[in-house]
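Peer 1:
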Amino acid sequence: MIRIAFTMIGGKSWTGGYNYLLNLVTLLSNDQSRAVAPVMFFGTDVNEDDVTPFVALNSVQVVRSPLFNRSRCLKSLLTSIVTSADWGVRNLFRVHQIDVTFEVAQFFGFNLGVPAIAWIPDFQHRFLPHLFSRVGYWKRDIGFRIQILGKREIMLSSEDSRIACEHFYPSSRGRTHVARFAVQPKGVIAPSAARALADKYELPERYIFLPNQFWQHKNHLLVVEALKILHRRGQEVTIVASGSQCDPRDPSYFPRVRAAIDSSGLSSNFILLGLIPYRDLAPLAVASMALLNPSLFEGWSTTVEEALSWGVPLILSDLDVNREQAGEAAVYFDRYDAHALADALASATPSSPDVVFERAAKAQAVANERVNRFIADFHSLVQRAAKRR
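In the working numbering, the protein residues as written are 21 to 409.
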């Protein structure tokens, strides 16, 4: 059994990172082979609500230590670079017999004494540099370069990301590995139960679900433009959007989206739910006509992966990674063309409960296959990293 250290990813500012971590550790916990034993390291400043789901998992050890407090991140990084390791973290890993560590936006040193896997979610800063401040751009880029220089095994979520990584950072070649994120099916959701939850939120019978945090690259403003086009055509389509309404890189983004909705008279066509409980996402997606992701950039979309596992129809922007992820299960549109999006939205139609059940049953089987492939790829990468010890 290989003991692998995980540390906190994301939080309120990046719920996608937190959900990715929880999903990955849950899959490892449920894996019958027990080839990998997750050990979660949290700072003492982490909200207890964020820790509790991990404590509840089988075969997962949880460790709390101030060495992982957010206030110590910069000190940890500088110590790791200047002295070759964060010695406090290194010693703690030794105490807990860690064989491999999983780094995300972190670097514990060139001489950590424990092989490391660096997960790089995406290379958005290289493709959409205008969405980053100069400091934000170089902080991100230098972080990736240090991890690559530190001889980490590089884990990527798509072939699209692997190609980008090896293009922008040629020295990573030979150490890049694709492990396509997948989510464990949660069972078929009865259409009646899904509709009951939609009624609780006072949603219309027909709507398209957009569960993306309000970050600028998520492209919500194009959706507003598409709704305006549809309104002029005499076609009324309703979008229901959930997700955090704060973009840490551009706090003005959500207010601009809301102002665009209000000024266009579309408040009844673009419903804003805010950040809702994670458990409500699946039923609201199942009750919808389709799930929409109009993003300008993705690494491997969690919302798309979850929709695939639920059997929900998809309307996606024409990113190569979206096509890699969803294949023929989606309708695609030009991510810069509001008319193309309007046509795609207008093509969505409601389905009978029988069709919803049939789609969900087929999706469960496919999702299980995707999960098995993801775990196998992750195990292979962990074993490769462990050999470096």
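Quick reminder that beta carbons are idealized off the backbone N, C-alpha and C, glycines included. A quick note: this is a predicted structure, and the numbers were derived from the prediction, not measured.
Is the beta carbon of Phe-122 sitting closer than 8 Å to the one on Ile-24?
Peer 2: Position 102 of the sequence shown holds residue 122. Position 4 of the sequence shown holds residue 24. The answer is yes: Cβ separation under 8 Å.
Peer 1: With DSSP as the reference, label Thr-64 as helix, strand or coil.
Peer 2: The sequence position of residue 64 within the sequence shown is 44, counting from 1. Coil at Thr-64, not helix or strand.
Peer 1: What number of angstroms, rounded off, separates the C-alpha of Ala-199 from the C-alpha of Glu-378?
Peer 2: The residue you call residue 199 lines up with position 179 of the sequence shown. The residue you call residue 378 lines up with position 358 of the sequence shown. Distance between the alpha carbons of Ala-199 and Glu-378: 29 Å.
Peer 1: Which residues does DSSP pair with Met-309 in a beta bridge?
Peer 2: As a first step, residue 309 is located in the sequence shown; it is residue number 289 there, counting from the start. Paired residue(s): none; Met-309 is not in a bridge.
Peer 1: Could you tell me the alpha carbon to alpha carbon distance between Arg-90 and Val-66, rounded to whole angstroms?
Peer 2: On the sequence shown, position 70 is the one that residue 90 refers to. On the sequence shown, position 46 is the one that residue 66 refers to. If you take the alpha carbons of Arg-90 and Val-66, they lie about 9 Å apart.
Peer 1: Specify the secondary structure class of Gln-233 as computed by DSSP and reduced to three states.
Peer 2: Position 213 of the sequence shown holds residue 233. DSSP places Gln-233 in coil when its eight states are reduced to three.
Peer 1: From this set, Leu-295, Ile-249, Thr-64 and Met-309, which residue's C-alpha is nearest Ser-284's C-alpha?
Peer 2: What you label residue 284 is simply residue 264 of the sequence shown in a count that begins at 1. It is Ile-249.
Peer 1: Pick helix, strand or coil for Pro-128, following the three-state DSSP scheme.
Peer 2: Indexing the sequence shown from 1 puts residue 128 at position 108. Note that residue 128 is Phe in the sequence shown, not Pro. In this structure, Phe-128 counts as coil in the three-state DSSP scheme.
Peer 1: Under a Cβ-count criterion, where at least 16 other Cβ atoms within 10 Å of its own Cβ denotes burial, should Phe-147 be classed as buried or exposed?
Peer 2: Locating residue 147 in the sequence shown gives position 127, where the first residue counts as 1. Flag for Phe-147 reads exposed.
Peer 1: For the pair the stretch 232-251 and the stretch 298-318, tell me if three or more CB-CB distances fall below 8 Å.
Peer 2: Taking 8 Å as the limit for Cβ pairs, the verdict is that the stretch 298-318 does touch the stretch 232-251.
Peer 1: Check whether the stretch 178-187 and the stretch 137-147 are in contact - that is, three or more C-beta pairs closer than 8 Å.
Peer 2: They touch, by the three-pair rule.
Peer 1: Within 10 angstroms of its Cβ, does Glu-173 collect 16 or more other Cβ (buried), or is it exposed?
Peer 2: Stepping through the sequence shown from its first residue, residue 173 is reached at position 153. Glu-173 comes out buried.
Peer 1: For Thr-369 and Arg-408, what's the separation of their Cα atoms in angstroms?
Peer 2: Along the sequence shown, read from residue 1 onward, the residue named residue 369 stands at position 349. Along the sequence shown, read from residue 1 onward, the residue named residue 408 stands at position 388. Cα-Cα distance, rounded: 53 Å.
Peer 1: CB Ala-383 to CB Ser-329, shorter than 8 Å?
Peer 2: Residue numbering aside, residue 383 sits at position 363 when the sequence shown is read from its first letter. Residue numbering aside, residue 329 sits at position 309 when the sequence shown is read from its first letter. A contact, by the Cβ cut-off of 8 Å.
Peer 1: For Ser-337, list the residues DSSP reports as bridge partners.
Peer 2: As a working mapping, residue 337 is identified with position 317 in the sequence shown. Answer is Phe-353, bridged to Ser-337.
Peer 1: With a CB to CB cut of under 8 Å and the five nearest residues on each side skipped, what residues in its chain are close to Ala-387?
Peer 2: Stepping through the sequence shown from its first residue, residue 387 is reached at position 367. Cβ within range, chain order: Ala-202, Val-203, Gln-204, Pro-205, Leu-328 and Ser-329.
Peer 1: Measure the C-alpha to C-alpha separation of Arg-226 and Thr-258 and round it to an integer number of angstroms.
Peer 2: Here residue 226 refers to the residue found at position 206 of the sequence shown. Here residue 258 refers to the residue found at position 238 of the sequence shown. Cα to Cα, the separation comes out at about 7 Å.
Peer 1: Report back the beta-carbon spacing between Leu-295 and Ser-264 to the nearest angstrom; my notes put them in contact at under 8 Å.
Peer 2: Position 275 of the sequence shown holds residue 295. Position 244 of the sequence shown holds residue 264. Rounded, the Cβ-Cβ distance is 5 Å, consistent with contact.
Peer 1: Have a look at Val-347 and Val-115 and give me their C-alpha separation to the nearest angstrom.
Peer 2: Here the question's residue 347 lines up with position 327 in the sequence shown. Here the question's residue 115 lines up with position 95 in the sequence shown. According to the sequence shown, residue 347 is Gly rather than Val. Approximately 45 Å between the Cα atoms of the pair.
Peer 1: Give me the Cβ distance between Ile-281 and Val-120, rounded to the nearest whole Å; I'm assuming they're in contact under 8 Å.
Peer 2: Taking the sequence shown and counting its residues from 1, one reaches residue 281 at position 261. Taking the sequence shown and counting its residues from 1, one reaches residue 120 at position 100. That pair is no contact at about 47 Å.
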